[in-house]
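See below for the structure under consideration.
Protein chains: 2
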Amino acid sequence: MSEKLIGSCIFGQSGGPTSVINASAYGVIRAALDAEEITKVYGAAHGIQGVLNDQLYVMDEEDPEELRYLLHTPSSELGSCRYKMADPEKDDTDYKRILEIFKKYNVRYFFYNGGNDSMDTCNKISRYMASVNYECRVMGVPKTIDNDLFGTDHCPGFSSAAKYIATSCMEINKDARVYDNGMIVIVEIMGRHAGWLAASAALATAYGSGPDLIYLPECDFDMDKFLADVDALYEKNGKVFVAVSEGIHYADGSFVSEAKTSATDGFGHAQLGGLAAMLAEVVKNHTGAKVRGIELSLLQRCGAHLASGRDVEEACNAGKIAVEKAIAGSTGYMVAFEREINDGAYRCNYTLLPLSSVANYEKKVPMEWINADQNGLNVDFINYVLPLIQGEVDIPKVDGLPRYAKLKKVLA
Amino acid sequence: MSEKLIGSCIFGQSGGPTSVINASAYGVIRAALDAEEITKVYGAAHGIQGVLNDQLYVMDEEDPEELRYLLHTPSSELGSCRYKMADPEKDDTDYKRILEIFKKYNVRYFFYNGGNDSMDTCNKISRYMASVNYECRVMGVPKTIDNDLFGTDHCPGFSSAAKYIATSCMEINKDARVYDNGMIVIVEIMGRHAGWLAASAALATAYGSGPDLIYLPECDFDMDKFLADVDALYEKNGKVFVAVSEGIHYADGSFVSEAKTSATDGFGHAQLGGLAAMLAEVVKNHTGAKVRGIELSLLQRCGAHLASGRDVEEACNAGKIAVEKAIAGSTGYMVAFEREINDGAYRCNYTLLPLSSVANYEKKVPMEWINADQNGLNVDFINYVLPLIQGEVDIPKVDGLPRYAKLKKVLA
């Protein structure tokens, strides 16, 4: 046990929101409010930008009951950011400002909830504070629907998105097979470099109502092979259901969504997102079939009404454990998840991973979990993802609609 | 009470599927199996096409427990169709064939579940059977997410779609306001001629997390006024959330989704569905803001996991009552819903409406429920829709995923 460190704490949310990032917020805030070592709990408005701009909400002013609603409120309630910090060795302007704010509020604990970039931010702040001998314990709380963080079995946010994607694909599949004429559906799922989310559509297939074909960014995409895959199934069944990751790319690395072909003139957006519409057009021109492109878009990352109960619990615990470990003396770590299976029963152990080892490394779906034709997942992937989507949430409702947290957000 | 009519029955599903059309199927099938007057219960494969093609599934062969799963299985489990029948006075080919099949199986009851076109089909079959003196009681069971059937307070399927749309809009709104830079989101909702579904997004706004602007096909769309509406809010808040019905049209009647403007070259599809992407492009070019177009697509009509409990119950009752009333002697009617409010408590009364009065008439959102600026709904609409979305469903699950009905579908 290290020496007791007394002072206030700042908590921030960063990167793309998820269904459960506010559950981690609740874990951090509740534990920090309860800790006698922590004198005041600040929530940064829009992550590190709120620190730089001196925009801090006093969490001690919030009603405890209202804070509990964070467990089932999607998105980032304190606001998020995508601010990239410079290397402190090259440009320490931001770090000097952060130090100034930390001193102003006697901040001795900093908790940051986010993905790869956020862990990098965390790591840089941690190093800088050490270099100037300012005692502050810095802990990262993982978050990303992309599930691409290194060194953790999975990431809070992914499991709920996976449950949403699997359930929605089961429903879409039912709808897409209703007429006796031909029909092809192409669903576009998030994930620019790692295919964990699109792969989760395989759960729908494993449970009897899902895509026939799934394409991930882990493999090079081949348009001719894709069309041949679709042709074969369309000829056999008259119905084809395809799931694609937004990040599928050709062998030369260029995103399929960015490519301009004769069939896609006018659709070649630089921005990702129009992939389903573009592929639908290509497939329609190729087969003459009725084709519908569907983009799950923001829905898949904010569908808190269909969150995984286990995800909510783990996300909250990750925040709580970050606080407990920091108080006990840890700094420079991210909370990570370790899977333990005993007699078939899943258990999540919480470990600490040095921030320097996790930052800026992207974990992808193992090639051995992808089938030989590179258009589907095998049982090893199902075994990996299935425990994560277990548990139903009973979200608070008013008049049949979700009741979200309403924070006062009193500025410091 | 009419004379007892003994014979078999055929049940069919028609038109676009919904989250609860199988709940009506369960209502019909269960009541028909339980009725001593009905000797055999057939389900038509793909609606009236299954009758014409002599493709009938024997419902008596199904496991009763498995049939119960229909209550929470989205889409049309027996298959649907969009087959338009000729006027029997002009071309009676199909009707002669239907009569042949009815005689072959001694069909004395015909139940058809669908929207406007299906009630028209029902009406024509009813008239034809009377004209050839073949005794057969024909009853329509209403269904349509579009909520545009005449003479009924609302339609099974609409309430669940409304609940899905309102909840999803609440979640999207949370996600769309997370960064501190500008953001405009445009959500496209189904409804080609009537705006009931897009209007339901107003529930999200009424409960604190919904669209700022809603445009319905009940009003002529004016692109300049739309852009001015968006501009005003973007300038004020930096965030704008817009919901549009797929059927919005200009004063000359042309669909906005079909229009080609300089900003939308390449997006002018003849097919509806690309509206969100097209409007996003227009708004992006106009404002320079980050704009995201989201189409709720099939998700909104098959999201059984988020169905309205009241809708499931009413849909099932509608089917059950159609059978009971037919056995009691009624024919040529559609089951309709009548709203009764006593001391604030909602109650649904089931009535019968002559098929001839309901067929081919589209009910629209009353103009007096739309605000003066024609970009939102007022409290009268909220009061109308709120009771319909009440009640949560507890859908059967296996391993955290929906468990749907698995019918044997034994052919007659």
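So the sequences go chain by chain: A and B.
Residues 732 to 1143 (the working numbering) are what the first sequence spells out, left to right.
Residues 732 to 1143 (the working numbering) are what the second sequence spells out, left to right.
Quick reminder that beta carbons are idealized off the backbone N, C-alpha and C, glycines included.
Residues that DSSP places opposite residue i in a beta bridge
i	result
Ser1039 (chain A)	A:Glu1123
Tyr757 (chain B)	Looking at the DSSP assignment, Tyr757 (chain B) forms no beta bridge with any residue, so it has no partner.
Asn844 (chain B)	B:Gln744, B:Val872
Ser976 (chain B)	B:Ile920
Cys1079 (chain A)	A:Arg1070
Asp951 (chain A)	A:His980
Ile1200 (chain B)	It is not possible to answer for residue 1200 (chain B), since the shown part of chain B is limited to 732 through 1143.
Ile769 (chain A)	A:Gly738
Pro1133 (chain B)	B:Lys1128
Pro1085 (chain B)	B:Tyr1064
Phe986 (chain B)	B:His980
Gly774 (chain A)	A:Phe742, A:Tyr788
Ile945 (chain B)	B:Ala974
Minimum Cβ-Cβ distance from residue i to chain B less than 7 Å
i	result
Val759 (chain A)	no
Val971 (chain A)	no
Ala897 (chain A)	yes
Ile741 (chain A)	no
His885 (chain A)	no
Gly999 (chain A)	For Gly999 (chain A), the pLDDT reaches just 39, beneath the cut-off of 50, and the residue's location in the model is therefore unreliable, although a value from the coordinates is still provided. Taking Cβ atoms only, chain B never reaches closer than 7 Å to Gly999 (chain A), which makes this a no.
Given residue i as reference, the closest of the options once Cα atoms are compared
i	options	result
Lys1015 (chain A)	A:Ala982, A:Gly978, A:Asp962, A:Glu989	A:Asp962
Leu736 (chain A)	A:Asn878, A:His885, A:Arg839	A:Arg839
Gly1175 (chain A)	A:Pro887, A:Glu866, A:Leu764	As displayed, chain A neither begins before 732 nor continues past 1143, which places residue 1175 (chain A) out of reach and without an answer.
Tyr859 (chain A)	A:Val909, A:Tyr826, A:Thr804, A:Phe841	A:Tyr826
Ser1010 (chain B)	B:Leu1029, B:Glu989, B:Leu1030, B:Tyr814	It is Leu, not Ser, that sits at residue 1010 (chain B) in the sequence shown. Out of B:Leu1029, B:Glu989, B:Leu1030, B:Tyr814, B:Glu989 has the C-alpha closest to the C-alpha of Leu1010 (chain B).
Cys740 (chain A)	A:Val782, A:Ala754, A:Asp951, A:Ile752	A:Val782
Leu1030 (chain B)	A:Glu866, A:Tyr895, A:Lys855	A:Tyr895
His725 (chain A)	A:Gly941, A:Lys970, A:Leu801, A:Gly922	For chain A, the structure presents residues 732 to 1143; residue 725 (chain A) sits outside this window and is missing.
Gly1005 (chain A)	A:Gly747, A:Ser931, A:Gly1024	A:Gly1024
Glu1026 (chain A)	A:Val987, A:Ala974, A:Phe952, A:Lys905	A:Ala974
Ala1143 (chain B)	B:Phe742, B:Leu787, B:Cys867	B:Leu787
Asp851 (chain A)	A:Glu831, A:Ile832, A:Val872	A:Val872
Leu809 (chain A)	B:Pro948, B:Lys905, B:Leu764	B:Lys905
Val789 (chain B)	B:Phe742, B:Arg813, B:Gly758	B:Phe742
Proximity test, Cβ basis, 7 Å: residue i and chain A
i	result
Leu1132 (chain B)	yes
Leu1029 (chain B)	yes
Ala994 (chain B)	Since pLDDT at Ala994 (chain B) reaches only 39, below the 50 mark, its modelled position is unreliable, and the value read off the structure follows with that caveat. Taking Cβ atoms only, chain A never reaches closer than 7 Å to Ala994 (chain B), which makes this a no.
Pro1127 (chain B)	no
Ile829 (chain B)	no
Gln1002 (chain B)	Here Gln1002 (chain B) scores only 39 on pLDDT, less than 50, and its place in the model should not be relied on; the value that follows carries that caveat. So, not an interface residue.
Ile1120 (chain B)	yes
Residues that residue i contacts on chain E, provided the C-beta gap is smaller than 9 Å
i	result
Thr936 (chain B)	Protein chains A and B are contained in the structure displayed, whereas chain E is not.
Proximal chain A residues relative to residue i, where beta-carbon distance stays under 8 Å
i	result
Leu1117 (chain B)	Asp1130, Gly1131
Ile903 (chain B)	Leu1029, Leu1030, Cys1033
Tyr1135 (chain B)	Met901, Lys905, Gly939, Ser940
The ligand GDP heavy atom lying under 6 Å from the CB of residue i
i	result
Arg1078 (chain A)	Judged by which ligands are present, the structure shown has none, so any question about the ligand GDP falls away.
Chain-ordered chain B contacts of residue i [CB-CB under 7 Å]
i	result
Pro748 (chain A)	Asp906, Val909
Chain B contact residues for residue i, given Cβ-Cβ distances below 8 Å
i	result
Ile1025 (chain A)	Glu1026, Ser1028, Leu1029, Leu1030
Ser745 (chain A)	Within chain B, no residue comes near Ser745 (chain A); the closest Cβ sits about 10 Å away, beyond 8 Å.
Gly1005 (chain A)	Ala1008
Partners in chain A for residue i, counting only beta-carbon separations shorter than 7 Å
i	result
Leu1037 (chain B)	His1036
Within chain A, the residues that residue i reaches when beta carbons sit closer than 9 Å
i	result
Lys894 (chain B)	Gly1131, Leu1132
Members of the region 757–784 of chain A near chain B, C-beta cut-off 7 Å: His777, Gln780
What residues in the region 907–928 of chain B have a beta carbon less than 8 Å from any beta carbon of chain A? Ala907, Arg908, Val909, Tyr910, Asp911, Val916
Mind listing which residues of the region 795–813 of chain A have their C-beta closer than 9 Å to chain B's C-betas, in chain order? Thr804, Pro805, Ser806, Ser807, Glu808, Gly810, Ser811, Cys812, Arg813
Taking a cut of 9 Å between CB atoms, which residues from the region 829–848 of chain A lie near chain B? none
Residues of the region 940–952 of chain B with a CB closer than 7 Å to any CB of chain A: list them in chain order, please. Ser940
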